[in-house]
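Chains as they are written, first to last, in this note's numbering: chain A, 102 to 448; chain B, 1031 to 1323. Cβ coordinates follow ideal geometry from the N, Cα and C atoms, glycine included. One structure is given here, and the rest of the page talks about it.
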């Protein structure tokens, strides 16, 4: 009787086999393949020296041997072994450039300015700024929306939740396009801003800092509904007795929120923060949608750009992918620790 | 909040309602504005002269005779063959949701019923996979897909999206199945059913609420994906999102940005309907992970 409840290894295996195969083939193996590819560079062209003789004597011409190049590509499609070279080159960690900038700069400001011109660090600075500015803002906005929806009349709640969900449900690329068209200098918001600042030439697209602000506003708009929904669910479980006794003790409404509601929601805040940090680190679609690559790039955008060109730069893209995965893993580690603790607490 | 003690003072109430109105405007206005503008000509939607043109459609009247024109939709759907992308998206979403739920249900059920330690490690691995940005996997797909001639076609993309979907599906369904009492299928097994028969006759009839919620999120992942579909599909097989992105490159210069506006509205409409019909499930799905801890 006791044993019958346990699922045996063999049964478990067959139930789990299809999903495990899918994840193994299309997530685990690709990760290995990406790591491998990042250690190789494309083959150099094979040159051949041909002697061409004309009426004025013979001369040697160097030309590309397409046949031999193709044969080499065929034989070793990964390219040639390069170890960590691609990681250290100018397009990625740019070790020698960073060292040179460190030596040449008198102040930290100058150093960061020099580093900001290197593609990887440029992308990193936007990705990190975006991640760590958007996350706290969306938590604050989500919390405020949750509080005000919670105080609405119950007939209005459904409608308010419906409209609040829209920015999150809509396809990220489409959401950013919709906002982009509105803040265009000829769009309704763009014109409004020009009027507000009485500057007819104001264009959000032309300035780096305004582009960053625009992307961050989009990020908060897109993700606040998630925080709202989670906090709203949490508000339904705030213990009424605690609130009432706080009130009898003379706590003001602000004190009730500060000392009863917020501590009750704190675990949810941690949950939302951890999830959102990971999700914002992969920021990508808004940069395409807002056509912002001149002012802001992200790690994901670099990968996309490397893969999208005429010549697909696989090893460069793979290297950035590995670096991105390392970044995500760092942000993921607190989530794993939490899951581990929860599981052990449950026993 | 019926208790009298929870009544808000008037000032706070006004502030709260004002903020709510502001947020709803922020959330809904961009969509309504774009929907309205999609029936205008470009010079109205992007009106340098007077922003009210976008509302009244002054140029649209001058050009087309009426204040509303379907020219953007006609250009997108007929001339640029946006309908092909709509069909492709429908195929991809349908296949992804069905396949993903089928194998995810089996896996999630197994994870919830086995009490061995390895289920924990499988869930941790799924969590790690869930965190990987899909775009980082793409460079791993390209070489083999080119070599085996699998690149550019819908089935490949479907399978990739199913796989990317699995970690989330497993977590979601695992927690739903844990809420279904183990005694149900255990008693069926005592009565002589095999594990699969117990699953088939006892669990399947009661699992639908959880499966529908999970299916919604699988659908959204497939529908909203840009990174994988734009990299793995050839031009003829493009789904809606990469198709819209391709409009930007080619038509922005030709002054046909209204094609993109019209197709953006077309692609958003199904999502509106989805939220309207399944609002409750979406909310419960979003909170499922959080409330658990």
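(request) State the DSSP-derived secondary structure class of residue 262/A, mapped to helix, strand or coil. (result) helix
(request) Measure from the alpha carbon of residue 1075/B to the alpha carbon of each residue in 1292/B, 1269/B, 1307/B, 1309/B, then state which is nearest. (result) 1292/B
(request) Check residue 109/A in the structure and name its three-state DSSP category. (result) coil
(request) Using beta-carbon positions only, say whether residue 1317/B and residue 314/A come within less than 8 Å of one another. (result) Contact flag unset, no.
(request) Give a yes or no on whether the minimum CB-CB distance between residue 386/A and chain B is below 8 Å. (result) Using beta-carbon distances, residue 386/A counts as an interface residue toward chain B, with a partner under 8 Å.
(request) Give the DSSP bridge partners of residue 141/A, in chain order. (result) Answer is 182/A, bridged to residue 141/A.
(message) Looking at the strands, I want to know which residues DSSP matches up with residue 161/A.
(response) 152/A
(request) Give the interface partners of residue 440/A over in chain B, defined as CB-CB distance under 7 Å, in chain order. (result) 1154, 1157
(message) Within 10 Å of its beta-carbon, does residue 386/A have 16 or more other beta-carbons around it, so buried, or fewer, so exposed?
(response) When all chains shown are included, residue 386/A counts as buried.
(request) Can you grab the Cα-Cα spacing for the pair residue 1254/B / residue 1045/B, in whole Å? (result) A direct Cα-Cα distance of roughly 36 Å separates residue 1254/B from residue 1045/B.
(request) Would you mind sorting residue 340/A into buried or exposed? The rule is 16 or more other CB atoms within 10 Å of its CB. (result) Counting the other Cβ atoms within 10 Å of the Cβ of residue 340/A gives fewer than 16, which makes it exposed.
(request) Reducing DSSP to helix, strand and coil, say where residue 1191/B ends up. (result) Three-state DSSP puts residue 1191/B in a helix.
(message) Considering only their Cβ atoms, is the gap separating residue 235/A from residue 324/A smaller than 8 Å?
(response) Going by C-beta atoms, residue 324/A is nearer than 8 Å to residue 235/A.
(request) State the CB to CB distance for the pair residue 1299/B and residue 1122/B, rounded to an integer number of angstroms; the pair is presumed to be in contact (CB under 8 Å). (result) That belief does not hold up - the Cβ atoms of residue 1299/B and residue 1122/B are roughly 18 Å apart, past 8 Å.
(message) Once DSSP output is grouped into helix, strand and coil, what is the label at residue 1263/B?
(response) strand
(message) Which complete alpha helix (DSSP H) runs does the stretch 281-320 of chain A hold, if anything under 4 residues is left out?
(response) Taken in chain order, the unbroken stretches of alpha helix (DSSP H) that lie wholly in the stretch 281-320 of chain A and span 4 residues or more are 289-297.
(message) Residues of the stretch 283-312 of chain A in Cβ contact with chain B at a cutoff of 7 Å, in chain order, please.
(response) 283, 285, 287, 288, 289, 292
(message) I'd like to know if residue 1239/B contacts chain A, where contact means its C-beta is closer than 8 Å to some C-beta of that chain.
(response) no
(message) If you measure between the beta carbons of residue 1073/B and residue 1187/B, is that distance less than 8 Å?
(response) no
(message) Does the stretch 337-357 of chain A come into contact with the stretch 257-265 of chain A, if we say contact requires no fewer than three beta-carbon pairs (one atom in each stretch) closer than 8 Å?
(response) no
(message) Please state whether the Cβ-Cβ distance between residue 222/A and residue 316/A is less than 8 Å.
(response) no
(message) Please return the same chain residues whose Cβ sits closer than 7 Å to the Cβ of residue 1325/B, not counting the five positions on each side in sequence.
(response) Because chain B in this structure spans residues 1031 to 1323, residue 1325/B falls outside the shown range and cannot be described.
(message) Taking 7 Å as the cut-off, is the beta-carbon of residue 1121/B closer than that to any non-hydrogen atom of the ligand ADP?
(response) Among the components modelled here there is no ligand, and therefore nothing to report on the ligand ADP.
(message) Under DSSP, the alpha helix (DSSP H) around residue 1082/B begins and ends at which residues?
(response) Note, residue 1082/B: premise wrong, no alpha helix (DSSP H); not H, not E.
(request) Would you check if the distance between the CB atom of residue 1143/B and the CB atom of residue 108/A is smaller than 8 Å? (result) yes
(request) At 8 Å on the CB atoms, spell out the chain B contacts of residue 280/A, in chain order. (result) 1060
(message) Tell me whether the stretch 1303-1310 of chain B and the stretch 282-293 of chain A touch, counting them as touching only if at least three CB pairs, one residue from each stretch, are closer than 8 Å.
(response) no
(message) Just to make sure I have the definition right: I need the residues of chain A whose C-beta is within less than 7 Å of the C-beta of residue 1163/B. Which are they?
(response) One finds 383, 401, 425, 429 in chain A with Cβ atoms closer than 7 Å to the Cβ of residue 1163/B, taken in chain order.
(request) Pull up the distance between the alpha-carbon of residue 381/A and that of residue 1228/B, whole angstroms please. (result) 42 Å
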